[in-house]
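Visitor:
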Amino acid sequence: RIGVVFILSTKEEIDGNEDAGIALWRAFNYIAEETDTSQAFTSIINMYHEVEDGKVLTVNHVKNVLGREFPYADVQSILGVHSEYDEGRKAGATFYKKTGLGPLPQALFNGVPFNREEMDGTELETVILQRIIDATGFFQRAVFMGLLNDHVNAIDFLMEQHNVVSRINPTVLGAERKYIHLRSTSVPFDVQDFSTFSFLDSQDKTAVISDGMKYLTKKDEDILHAVTIWIVADFDKPAGRKLLSNALKHLKTSRHTRVGILNNPASKIKEDNTAIARGILTAFLTQNNSNLRGFLSKLIKEETAKSLAAGTKITKLLMPGMDGDTFEKKYNTLGLDIIKTHQMFCQEVLKLLPGQMAVISNGRILGPLDENEFYAEDFQLLEKITYATSAEKIKTIVKEMGISAKSGSDLIMKIDALLSSLPKTEMRQDVELLKEQHSVVKIDPEQNQPFYDVIAIVDPLTREAQKMAHLLIVLKDVINMRLRLFLNCRSKLSEVPLKSFYRFVLEPELTYGINNHLPSEPVAKFLELLESPLLTLNMITPESWLVEAVNSSCDLDNIHLQDIKGNVIAEYELENILLEGHCFDVTTGQPPRGLQFTLGTKNNPVIVDTIVMANLGYFQLKANPGAWTLRLRKGRSEEIYHVFSHEGTDSEADLADVIVVLNSFRSKIIKVQVQKKSDKMNEELLTDGITEKKGHLDSVTSFSEEIPTEEMEKRSDILNIFSVASGHLYERFLRIMMLSVLRHTKTPVKFWFLKNYLSPTFKEVIPHMAKKYGFKYELVQYKWPRWLYQQTEKQRIIWGYKILFLDVLFPLAVDKIIFVDADQIVRSDLKELRDLNLNGAPYGYTPFCDSRREMDGYRFWKSGYWASHLGKRKYHISALYVVDLKKFRKIAAGDRLRGQYQALSQDPNSLSNLDQDLPNNMIHQVAIKSLPQEWLWCETWCDDESKKKAKTIDLCNNPQTKEPKLQAAARIVPEWVEYDSEIRKLIEKIEAENKNGTSFFQKGDL
1 RIGVVFILST
11 KEEIDGNEDA
21 GIALWRAFNY
31 IAEETDTSQA
41 FTSIINMYHE
51 VEDGKVLTVN
61 HVKNVLGREF
71 PYADVQSILG
81 VHSEYDEGRK
91 AGATFYKKTG
101 LGPLPQALFN
111 GVPFNREEMD
121 GTELETVILQ
131 RIIDATGFFQ
141 RAVFMGLLND
151 HVNAIDFLME
161 QHNVVSRINP
171 TVLGAERKYI
181 HLRSTSVPFD
191 VQDFSTFSFL
201 DSQDKTAVIS
211 DGMKYLTKKD
221 EDILHAVTIW
231 IVADFDKPAG
241 RKLLSNALKH
251 LKTSRHTRVG
261 ILNNPASKIK
271 EDNTAIARGI
281 LTAFLTQNNS
291 NLRGFLSKLI
301 KEETAKSLAA
311 GTKITKLLMP
321 GMDGDTFEKK
331 YNTLGLDIIK
341 THQMFCQEVL
351 KLLPGQMAVI
361 SNGRILGPLD
371 ENEFYAEDFQ
381 LLEKITYATS
391 AEKIKTIVKE
401 MGISAKSGSD
411 LIMKIDALLS
421 SLPKTEMRQD
431 VELLKEQHSV
441 VKIDPEQNQP
451 FYDVIAIVDP
461 LTREAQKMAH
471 LLIVLKDVIN
481 MRLRLFLNCR
491 SKLSEVPLKS
501 FYRFVLEPEL
511 TYGINNHLPS
521 EPVAKFLELL
531 ESPLLTLNMI
541 TPESWLVEAV
551 NSSCDLDNIH
561 LQDIKGNVIA
571 EYELENILLE
581 GHCFDVTTGQ
591 PPRGLQFTLG
601 TKNNPVIVDT
611 IVMANLGYFQ
621 LKANPGAWTL
631 RLRKGRSEEI
641 YHVFSHEGTD
651 SEADLADVIV
661 VLNSFRSKII
671 KVQVQKKSDK
681 MNEELLTDGI
691 TEKKGHLDSV
701 TSFSEEIPTE
711 EMEKRSDILN
721 IFSVASGHLY
731 ERFLRIMMLS
741 VLRHTKTPVK
751 FWFLKNYLSP
761 TFKEVIPHMA
771 KKYGFKYELV
781 QYKWPRWLYQ
791 QTEKQRIIWG
801 YKILFLDVLF
811 PLAVDKIIFV
821 DADQIVRSDL
831 KELRDLNLNG
841 APYGYTPFCD
851 SRREMDGYRF
861 WKSGYWASHL
871 GKRKYHISAL
881 YVVDLKKFRK
891 IAAGDRLRGQ
901 YQALSQDPNS
911 LSNLDQDLPN
921 NMIHQVAIKS
931 LPQEWLWCET
941 WCDDESKKKA
951 KTIDLCNNPQ
961 TKEPKLQAAA
971 RIVPEWVEYD
981 SEIRKLIEKI
991 EAENKNGTSF
1001 FQKGDL
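Mapping of the sequence shown onto full-length UniProt numbering: position 429 corresponds to residue 429, and the numbering continues sequentially without gaps.
1. Given 8 Å as the limit, is there contact between the segment 898 to 909 and the segment 784 to 795, that is, 3 or more CB pairs closer than that?
2. In angstroms with no decimal places, state the Cα-to-Cα distance between Ser-946 and Trp-861.
3. Over the uninterrupted alpha helix (DSSP H) stretch that includes Met-357, give me the two end residues.
4. For Leu-936 and Gln-620, I'd like the C-alpha separation in whole angstroms.
5. Do you know how far the Cα of Leu-870 is from the Cα of Ile-877?
6. Distance check for Ala-277 and Asn-958, CA to CA, integer angstroms please.
7. Could you give the uninterrupted runs of the beta strand (DSSP E) lying entirely in the segment 859 to 928, keeping only those of 3 residues or more?
8. Could I get the ranges of all uninterrupted alpha helix (DSSP H) runs contained in the segment 447 to 514, with 4 residues as the minimum, in chain order?
9. Tell me the rounded alpha-carbon separation between Lys-270 and Gly-294.
10. Buried or exposed, going by whether 16 or more other CB atoms sit within 10 Å of the CB of Pro-919?
11. What are the partner residues of Trp-941, as DSSP defines its beta bridges?
12. For Pro-592, does the count of other Cβ atoms within 10 angstroms reach 16, so buried, or fall short, so exposed?
13. Taking C-beta to C-beta, are Val-883 and Pro-842 nearer than 8 Å?
14. State the Cα-Cα distance for the pair Ile-31 and Tyr-48, rounded to the nearest angstrom.
15. Whole angstroms is fine: what's the gap from Thr-701's alpha carbon to Lys-771's?
16. Do you know whose CA, among Cys-489, Met-357 and Leu-472, lies nearest Arg-482's CA?
17. Could you tell me whether any non-hydrogen atom of the ligand PLP is closer than 7 Å to the CB of Leu-885?
18. Report the rounded CA-to-CA distance for Lys-11 versus Arg-177, giving the unit in angstroms.
19. At which residues does the beta strand (DSSP E) containing residue 1008 begin and terminate?
20. Could you give the DSSP three-state label for Gly-67: helix, strand or coil?
21. Considering only residues of the same chain and omitting the five flanking positions on each side of Tyr-730, which have a CB-CB separation below 6 Å?
22. Tell me which residue opens and which closes the alpha helix (DSSP H) that Gly-800 is part of.
23. State the Cα-Cα distance for the pair Ile-891 and Met-213, rounded to the nearest angstrom.
24. Pairing CB atoms from the segment 744 to 762 with CB atoms from the segment 541 to 552, are three or more of them under 8 Å?
25. By the three-class DSSP mapping on this structure, what secondary structure does Cys-583 have?
26. Count the C-beta pairs between the segment 314 to 328 and the segment 349 to 365 that are closer than 8 Å, then say yes if the count reaches three, no if not.
27. Measure the Cβ-Cβ separation of Cys-489 and Asp-459 and say whether it is below 8 Å.
28. Cβ of Ile-736 within 8 Å of Cβ of Trp-976?
29. How is the beta strand (DSSP E) around Gln-620 delimited, first residue to last?
30. Counting pairs of Cβ atoms below 8 Å between the segment 598 to 606 and the segment 623 to 636, do you hit three or more?
31. Please go through the same chain and pick out, in chain order, the residues whose beta-carbon is closer than 6 Å to the beta-carbon of Lys-525, but skip the five residues on each side of it.
32. What is the DSSP secondary structure of Ile-7, reduced to helix, strand or coil?
33. Considering only residues of the same chain and omitting the five flanking positions on each side of Asn-576, which have a CB-CB separation below 7 Å?
34. By the 10 Å Cβ neighbour count, where 16 or more other Cβ atoms means buried, how is His-162 classified, buried or exposed?
35. Could you give the DSSP three-state label for Lys-694: helix, strand or coil?
36. Cβ of Leu-129 within 8 Å of Cβ of Phe-139?
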């Protein structure tokens, strides 16, 4: 049988003499009443026969057939506004809206829609015949199984099938489905801790959101809910409130669903534009189910939004029975971090733009949704599909486990998301190629051989394209392939996005050297480079590799090819492979800040040690291929904690000594859970009264030996000076700075240098300097963590090392460290700075000078953002600062700085002076002690009169004169020439004693 649904205007009064659809409907009803339905359909077909090809039905076509077939009919009365034949006109439109069918015309066979191709007139008859054959087989099986007989209505039987829905929504029913990864284990972070949340990976972000989600259900019953729906929207916008309202309507009739919310603001998050969202979140956090449902229904009404915008306090909207005091207290203290967390999750995990709406059902993402795209009926459809497809079966199993309703509902959601996200079948995605004659690079395969068909699409001005170019070349040598390379360029560029030459070291096969026994060393060759620019050579290595330059023919930070004869040759060495891990206290779920691990072997138990960060409980240790033993470091760490369990290791999970085997060049990441010993539950690692006895990152001695008291006192009276340098020029400045420090103190000095960027020359000279001048030194290393936003410019990487890793670069035995820029001259005893009272601040910086008035136009911190942000506080310079590492670690300053860096660094307009802007920007969260002005004098910013009191002189750049630094050093600091000459003579002496006669100097160094 065939039925026709007329989708017509739903206006109350409408004239069929003016609307062809209304005329057709009223004529159909008249004819059906006068004769029968069959005749009415025949007459309609006759009306369409009147229509010429390419034209549409008009009122005249209807009148002509009606007048011809029923000459005595009052056509005007039949079609007019007050027609008696208008009954049921609105039913079709109501059905169409309710079912959610797509663009008209539509056709359905036993409720199953035809697609566009099947609706083609030439194919329709064949398609219907095939559908009839398929349906016949279905009914035959049902009769055979006893499910269908003469006493069962065939239509009712069809409508009771599990795949029958009351509404068609392509978003819900579509085959392409996206899921978020809902991990089964919890993550010990609060959804309101935006700083920590910002640098979690996608899985951990999802876990935090899932663990912190509160839900609304139909009743207050503590039962399992098989379907978990998250509503994603800006609830301070009408469309967002409408979406939530539709969900609440569905919830009134739902038996299986619980609803949570995620706020995705369309605009910058402020208190005045998030009132409703904060009200909704507060209600979820504080109210029971029945009060929450009533309050939400009231809060999302448009008149409520207008009332709040007019100044009505949200507490005035509270309903009888609500816990008003708890609501008000929570609303006033909620803050904006939870909304920032929601927004970041929506953008980074769900990939939504600000303000976009979505619905998530058991981890399945439906969105972004347009306004008025998702109604209560769609939620009903979504529940039915989710429940019938998988959730019902999972619920049955989980119910037998006997766990709580909240945990059980969470488990159903996570299992459903996991199973539903698994690929069903393997499919090849063919790329539709357009206009490839002139815009595509083509490489043909070898003829008469099987080949791979490879299509690559790249933006040529990206770092990814640099790597892919060589990968494709190597791939071409390894396999027979047909390559088509599409250059997908950006149409408009304000500047060249790529400022580097790149070589990817990858060979198609091993090549052997002269002796034909050992493979030749891999080489990156840069040929025909421009000679005029100043170049810097840098290595981009796998995350777990520590690589350093061991030999070079020139300064690799300042390569000026037009001044160099011959080739520039540099040799790099893979020095270590990192062991990385994450550590958590099993009792609190939090990282044990300050906990130390040691890594060693059976014969040498302690080779390296490290400290656990609060950020993700992260730690890293330098290692090499082989079997290693990870232990808690002797001292406070071992006294308070014991290893509870570990994952990703190569020993039993309950063994205290954790065995880790490094047998691959790939990353090794482990997870360690520790627990406080029963008699140490109230003790903390980081306290003001406890200092670790010894230990440093490259220690090769046992930590078990006792250190005499007098030795401890002697060790405590030491100046720890930290500095970073890269390039021969700045290493020259660094040696002079060191000498100036030593000239002005009688206190023992230990210098700490960042090993990552020191040249082979400096590393060869420094032991001789230490022997002559009687100081100690240590080269420290820390690989930039993979989860922390990566800088690409070498200078910015070095700036990052100055501020981001102070809590983990140095051992706990170091109480205070003084950072001194390489291009600085010290004129006073730095012991005075070390012993300066920081008044509770974790570090002290010197403010920028204000006394040289002619530089006022360059003082950017006097206006704009910095003036507003700092208020009456000073903007501080990062050339010299002292850090109280005990205080720094105790208040988690490093973790806070890394959190703020993670949030700001991805904006190219933020942190232009990374090492300086970051602590100044965090001045309200991590206090800065302003050092007396005489601790840092700089000619650019300070007047000549104040130079007499200067305790250090910084050779900072002058944006006005742009005077070269070497020239400025000799002019500003008379003793600089003396220091330079003294060190030069020392190096010449070392050079003369060097058996190989290798010069430490390059052209221009002196």
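Quick reminder that beta carbons are idealized off the backbone N, C-alpha and C, glycines included.
Here the structure is a predicted model, which means the values were calculated and not measured.
Guide: This is what the structure gives:
1. The segment 898 to 909, when compared against the segment 784 to 795, does touch it at the 8 Å Cβ threshold.
2. Taking the straight line joining both Cα atoms gives about 21 Å.
3. First-last for Met-357: 357 to 361, but that is the beta strand (DSSP E), not the alpha helix (DSSP H).
4. 35 Å
5. 14 Å
6. Computed Cα separation, rounded: 50 Å.
7. 876 to 884
8. 463 to 478
9. 26 Å
10. buried
11. DSSP lists no partner for Trp-941.
12. buried
13. yes
14. 16 Å
15. The predicted position of Thr-701 is uncertain, since its pLDDT is 27 and thus under 50; a value taken from the coordinates is nonetheless stated next. Approximately 21 Å between the Cα atoms of the pair.
16. Leu-472
17. Ligands displayed in this structure: none; no statement on the ligand PLP is therefore possible.
18. 39 Å
19. Residue numbering for the chain in the displayed model covers 1 to 1006; residue 1008 lies beyond these limits and cannot be assessed.
20. Of the three classes helix, strand and coil, the one that applies to Gly-67 here is helix, per DSSP.
21. Ala-822
22. 794 to 803
23. Each residue's Cα considered, the two are about 29 Å apart.
24. yes
25. strand
26. no
27. yes
28. With a cutoff of 8 Å on beta-carbon distance, Ile-736 and Trp-976 are scored as near each other.
29. Unbroken beta strand (DSSP E) run through Gln-620: 618 to 623.
30. yes
31. none
32. coil
33. Leu-546, Lys-622, Ala-623 and Asn-624
34. exposed
35. The pLDDT assigned to Lys-694 is 40, lower than 50, so where the model puts this residue is not dependable; a value taken from the coordinates is nonetheless given after this. In this structure, Lys-694 counts as coil in the three-state DSSP scheme.
36. no
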